[in-house]
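First comes the structure, then the notes that go with it.
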């Protein structure tokens, strides 16, 4: 980081002027971005959308040759690095580190080779509305800055749960930006909660199976060792971002998971592009956290300048593979779980602590009384296993009434073709059964679980239906969105809840008579009914439920209830025939 003389204050950041204790408000951040834009032809300030409260979403582009459009950068051969800060606006370390880094490179011309083969996109504040919910009490577990923004948006949405469902206008704008540029590498800057330990920073890279295997290998074998080694040389040893098997208790054992695609680096993984999650430690001084973030960004740029052609080639091949027939023939994992049988011993730099029982709450009370450094030999479970798979189709058919789903796919860069005629074809269809909604809302939804009954049948889709061919690089994204077995699918988030609502009901005076007629015609129905009553006490004590059961066995029953409206075409020949 450049050290300024007493006279050289023209381009000092708010953070520096505050003696490394403060972070700028939105207006001050934008003012500084515009100031360094004017000072250097290698920087351009622009915006890429608006927040619900009408604030511009800011973007700084850094390019050695003044190329500031996706086409111009692609023609130059540069790789693109997208750095994102303040997705959780109270976690401002990345904003201040990024402003310092771009100022040092482009204005003070320090370490200019970092722009030799890399173009930087820097979002200093993604959650602009949450950022301006500014105050000293927004992060109870965090040691500085003096004041900071709020975790969620003005709509009270956590943007780092929104990468797939894309409810928030900010996320929709981010997705348009991402798909316009398709950055080769992504960094998301956060501050972590959890236990106390010595590391100023932990990190996460996706290497456990949710990304194309050759990209995963590069991330594990090239990227991770380089960043870990260089951060140690910089005086900031890092450790993988882990969960503790018992919350707050590192000695209970460590686990490393796979990020689902609703999270930032999990999303870029299914876009065939590696992502790095930075998690500075909330209890460390703000200056140390910002400095460590600066160093990690700097080392990431060093790596990308060395590896840009290799990474570009790997991404190109991953995109080709994801759009190919071989990819679709293999079972596709949509969920991962910790592998409990596979552990190793690791050194972990912690602080001594005790665990007492609280005389106030009766819960466990973790005490770091002397914060004495210690090195633990801990059990870590570093591996995951895919525990849910789907068979991918050749294409999906989305009827026109599912307009919100169609719009959502466009945000993700998914290519679709509108059918101008009605089509009847054989599809794999699914019906939801054993449906349960969670009681409390989560990110504006009541997520649900269900089982699926799959059948192959003929269905008719009206004119205006979108056909989504899986012969495209976004196939992994499409699968997570449209396969209802995926925990992050539109179905799991509740976008198809109305299809699970019974809309027609029978009157008891009609159904009492009809039920008896049905039993007379089909005596086996009575046996089934009696078995249902014997196995389900709630059903046996509910006359309305029993009559509705008979209704469900009649010809009057809604045969579209619980039917997933998206069809899946399993044969390539059927896709080509429909497209004609």
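Numbering (the working numbering), first residue to last: 471 to 1050. For glycine and all other residues, C-beta sits at the position ideal for the given N, C-alpha and C. Fair warning: this is a prediction, and the values are worked out from it, not measured in the lab.
Same chain, Cβ closer than 6 Å to residue i, five either side skipped, listed in chain order
i            : result
residue 892  : 932, 933
residue 434  : Only positions 471 to 1050 of the chain appear in this structure, which leaves residue 434 out of reach.
residue 709  : 669, 672
residue 1005 : none
residue 760  : 563, 566, 567
residue 694  : 675
Beta-carbon proximity list for residue i, same chain, < 8 Å, skipping 5 on both sides
i            : result
residue 974  : 1026, 1028
residue 906  : 918, 919, 920
residue 584  : 575, 768, 771, 772, 775
residue 825  : 719, 834, 835, 836, 837
residue 928  : 894, 895, 896, 897
residue 1015 : 1008, 1009
residue 1023 : 988, 995
residue 635  : 732, 878, 913, 915, 958, 960, 963, 965
Neighbourhood of residue i by C-beta distance below 7 Å, restricted to the same chain and skipping five residues each side
i           : result
residue 615 : 491, 492, 493, 562, 756
residue 576 : 506, 510, 512, 513, 532
residue 569 : 483, 502, 594
residue 844 : 820, 821, 822
residue 633 : 641, 731, 732, 733, 734, 737
residue 543 : 533, 537, 550, 589
residue 660 : 558, 561, 747, 748, 749
residue 716 : 722
residue 869 : 931, 932, 935, 1035
residue 808 : 725, 727, 851, 854
Local Cβ density within 10 Å of residue i, reported as buried at 16 or more and exposed below that
i            : result
residue 579  : exposed
residue 912  : exposed
residue 1032 : buried
residue 477  : Caution is warranted here: a pLDDT of 39 is assigned to residue 477, below 50, making its placement in the model unreliable, and no coordinate value can be reported.
residue 498  : exposed
residue 558  : buried
residue 620  : buried
residue 521  : buried
residue 926  : exposed
residue 567  : buried
residue 640  : buried
residue 789  : buried
residue 525  : buried
residue 1017 : buried
residue 910  : exposed
residue 850  : buried
residue 786  : exposed
residue 605  : exposed
residue 916  : exposed
residue 993  : exposed
residue 764  : buried
residue 582  : exposed
residue 607  : exposed
residue 758  : buried
Integer-rounded CB distance, given that residue j should sit under 8 Å from residue i
i           : j           : result
residue 591 : residue 651 : 6 Å
residue 954 : residue 898 : Residue 954 to residue 898, Cβ: 11 Å. No contact.
residue 742 : residue 792 : 6 Å
residue 950 : residue 731 : 5 Å
residue 966 : residue 866 : At roughly 14 Å, the Cβ-Cβ gap does not stay under 8 Å, so residue 966 and residue 866 are not in contact.
residue 839 : residue 812 : At roughly 35 Å, the Cβ-Cβ gap does not stay under 8 Å, so residue 839 and residue 812 are not in contact.
residue 597 : residue 629 : 6 Å
residue 806 : residue 679 : 6 Å
residue 587 : residue 778 : 5 Å
residue 518 : residue 530 : Rounded, the Cβ-Cβ distance is 11 Å, inconsistent with contact.
residue 624 : residue 523 : 5 Å
residue 884 : residue 816 : Rounded, the Cβ-Cβ distance is 40 Å, inconsistent with contact.
Residue i at chain C interface by Cβ criterion, 8 Å
i           : result
residue 964 : Protein chains in the displayed structure number just one, and chain C is not present.
Count the C-beta pairs between the region 871-880 and the region 959-970 that are closer than 8 Å, then say yes if the count reaches three, no if not.
-> yes
Between the region 812-823 and the region 650-670, do three or more beta carbon pairs fall short of 8 Å?
-> yes
Secondary structure, alpha helix (DSSP H): runs of 4+ residues fully inside the region 625-683 = 639-651
Is the region 635-648 close to the region 798-814, with three or more CB pairs under 8 Å?
-> no
How do the region 977-987 and the region 825-833 stand: do at least 3 beta-carbon pairs fall below 8 Å, yes or no?
-> no
Counting pairs of Cβ atoms below 8 Å between the region 545-554 and the region 652-661, do you hit three or more?
-> yes
Starting from the N-terminal side, write out each stretch of the beta strand (DSSP E) that is 3 residues or longer and does not extend beyond the region 733-763.
-> 745-751
Below 8 Å, can you find three or more Cβ-Cβ pairs linking the region 1005-1015 to the region 940-948?
-> no
Secondary structure, beta strand (DSSP E): runs of 3+ residues fully inside the region 793-819 | 802-808
Inside the region 576-623 only - alpha helix (DSSP H) runs reaching at least 4 residues | 598-601
Can you list, in chain order, the stretches of the alpha helix (DSSP H) that have 4 or more residues and sit fully within the region 838-919?
-> 873-881
At which residue ranges does the region 948-1022 contain complete beta strand (DSSP E) runs of 3 or more residues, listed in the order of the chain?
-> none
Beta strand (DSSP E) runs contained entirely in the region 486-541, provided each spans 3 or more residues | 513-520, 526-532
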